[in-house]
Each structure stands twice: as structure tokens, then as C-alpha cells.
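Asks: Counting from 2, one number per residue, gives the positions in the sequence shown under my numbering.
A virtual CB, placed ideally from N, CA and C, is assigned to each residue, including glycine.
Here's a structure for you.
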Amino acid sequence: PRVPWSSLVRNRSLLLLCGMYFSVIYGWYFFLTWMPKYLLKARGFDLQTTGWFAMLPLLCMAVGVALAGLLSDRLVAKFGRRWGRRIPGLIGLPLASVLLVVAIITPDARVSAYLFAIAAGLATFGVAPAWAACLDIGGQHAGVVTGTMNTFGNLGGTVMPLLMGLCLDRWASWNISLMTVAFFYLFSAVCWLGIKADEPIPLT
């Protein structure tokens, strides 16, 4: 059937999903791109230790995604789709933001690395139900909805490494750009408050 573009671009839940996913993937790309160099240059680890600590966030992300998927389905059965999809984001993303701030300011390098990894897992815990929410609100157009959300996520992933490089080049500061990750995680949680997975996008 014809894609209801006018309904899609005006749908508040879809717009907030895009904003939420932009913000979370913005942070995710730090772990994919700059995390090893941060551990080497800012925290003073050797190359082998850097490899281990750079791997930890990815493991925590895998655990976070799996747990959030299981929990969200249980919450949907108990509280309905709206809150069943929201709750993991309202728990995981604010906690990820707080732990990131602590990880940035703590002087203990190993504690910082562990906190970064836990924060990464909590962030993916908070974002995992977004894919189910796309199915909930998209219906037979779920492919378009998920594709739109994922596009904005990749835009966030594009911005993050560029901004990190800019901060390092101009101010020689890791902390400025890392604090933006904490901010965007918090912003993502706010977005979840407006996402209504129990209200499908009108087909016309």
C-alpha cells in the first residue's frame, strides 16, 4: 500500500523516536571510534590493556540489548505498550548519563573504564525497545518507520567522531565532547516520555 508520508512526518512519536535514536547512537559511536584512543591518551593504559577495556563496552551493550528486550515484553504484558516500551529507556538512559559523568571526572583510570562500559550497557538497555516501538506504531509500514529512525541514528553517529576531533583539535579537551554524550543520553530519556507505542500511525 501507499506510504502515508504526510502522516509519518507529522507523527510526534516517530519524530521523538528519531531524536532519541540520534542521541543514543551519537554516544554509541564514541565507543566504536574514539574509546581506544581515549584510554591510551587520556587514561594512560598500555596497548594490551586498552584492547581489553575497549572491548568491555561492546559486551555490556550486548547484555543490555538482550535484557531490555526480555524486560520490555514483560512490561508490555503488564502495563501496556506505551509504558512497556518506555520504562527501559527511563531507567537505562538517565543512569547511563550519570555514570558517564562520574567516569569522566574520576581520577582512577580503571574505575573510569569500568564505568564507561556499564554506561554503554545501560544506554543500549534504554534504546533496545525502540525497534519494537517502530513495529508498534508503524504497522504495515514498519520498514519505513525503522528505516527513518535508523537514518537519524546514523546521522548522530556521523556527528560524534567529528565533534570529538574538533574538541581535541581546538581545546585539547576530551571532557567537553564526552559531556555532550551524557547530555544526549539524558535527552533521549526525555524523548521516551513522549513516545506512544500504543498509538499506531494513521494509514491515511
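#1: Using C-beta distances below 6 Å, list every residue in its chain close to A121, excluding the 5 sequence neighbours before and after it, in chain order.
#2: For D109, name the three-state secondary structure that DSSP assigns.
#3: Buried or exposed, going by whether 16 or more other CB atoms sit within 10 Å of the CB of V146?
#4: Determine whether the beta carbon atoms of A110 and G45 lie at a separation below 8 Å.
#5: Alpha carbon to alpha carbon, how far is V208 from A118?
#6: Whose CA, out of L101, V4 and D47, lies closest to the CA of G28?
#7: Out of M165, D137 and A131, which one is the CA nearest neighbour of N151?
#8: What first and last residue would you give for the alpha helix (DSSP H) that runs through F32?
#9: What is the DSSP secondary structure of I92, reduced to helix, strand or coil?
#10: Going by alpha carbons, who is nearest to A173 out of L16, A43 and I26?
#11: Is it buried or exposed, G137, if we count other Cβ atoms within 10 angstroms and call 16 or more buried?
#12: What does the Cβ neighbour count give for R3, buried or exposed, with the cut at 16 atoms within 10 Å?
#13: Tell whether a beta-carbon distance below 8 Å holds between L169 and S98.
#14: Between which two residues does the alpha helix (DSSP H) containing Y186 stretch?
#15: From S178 to A55, what distance separates their C-alpha atoms?
#16: Pull up the distance between the alpha-carbon of R13 and that of G144, whole angstroms please.
#17: Among residues of its own chain, excluding the 5 on either side of G195, which ones have a beta-carbon nearer than 8 Å to its beta-carbon?
#18: Please state whether DSSP places R3 in a helix, a strand or coil.
Replies: With the structure as the only source:
#1: Mapped onto the sequence shown, residue 121 falls at position 120. Answer for A121: F32, P58, C61 and M62, listed in chain order.
#2: Numbered from its first residue, the sequence shown carries residue 109 at position 108. Here D109 sits in coil by DSSP.
#3: Here residue 146 is taken as the residue at index 145 of the sequence shown, counted from 1. Buried.
#4: Indexing the sequence shown from 1 puts residue 110 at position 109. Indexing the sequence shown from 1 puts residue 45 at position 44. Yes. Within cutoff.
#5: The structure shown does not extend to residue 208, since the chain is modelled only from 2 through 205, so no value can be given for it.
#6: Here the question's residue 28 lines up with position 27 in the sequence shown. Out of L101, V4 and D47, L101 has the C-alpha closest to the C-alpha of G28.
#7: For the purposes of this step, residue 151 is taken as residue 150 along the sequence shown, with counting starting at 1. Nearest neighbour of N151 by Cα position, chosen from M165, D137 and A131, turns out to be A131.
#8: Start at 1 with the first residue of the sequence shown, and residue 32 comes out as number 31. Per DSSP, F32 belongs to no alpha helix (DSSP H) and is neither H nor E.
#9: Taking the first residue of the sequence shown as position 1, residue 92 is located at position 91. The answer is helix: DSSP assigns I92 an H, G or I state.
#10: The sequence position of residue 173 within the sequence shown is 172, counting from 1. Residue A43 is the option with its Cα nearest to A173.
#11: Indexing the sequence shown from 1 puts residue 137 at position 136. The sequence given here has Asp at residue 137, not Gly. Classification of D137: buried, given that the 10 Å Cβ count is 16 or more.
#12: Taking the first residue of the sequence shown as 1, we reach residue 3 at position 2. Its Cβ having fewer than 16 others within 10 Å, R3 is exposed.
#13: On the sequence shown, residue 169 is found 168 positions in, with the first residue counted as 1. On the sequence shown, residue 98 is found 97 positions in, with the first residue counted as 1. Cβ atoms of L169 and S98: not closer than 8 Å.
#14: Counting from one through the sequence shown, the residue named residue 186 turns up at place 185. Segment W175 to W193, the alpha helix (DSSP H) holding Y186.
#15: Counted from its first residue, the sequence shown places residue 178 at position 177. Counted from its first residue, the sequence shown places residue 55 at position 54. Using only the alpha carbons, I get a separation of about 18 Å.
#16: Mapped onto the sequence shown, residue 13 falls at position 12. Mapped onto the sequence shown, residue 144 falls at position 143. The alpha-carbon atoms of R13 and G144 are separated by roughly 18 Å.
#17: On the sequence shown, position 194 is the one that residue 195 refers to. For G195, where only same-chain residues beyond five positions count, the Cβ hits under 8 Å are R13, S14 and L17.
#18: Locating residue 3 in the sequence shown gives position 2, where the first residue counts as 1. Per DSSP, reduced to three states, the secondary structure at R3 is coil, with no helix or strand assignment.
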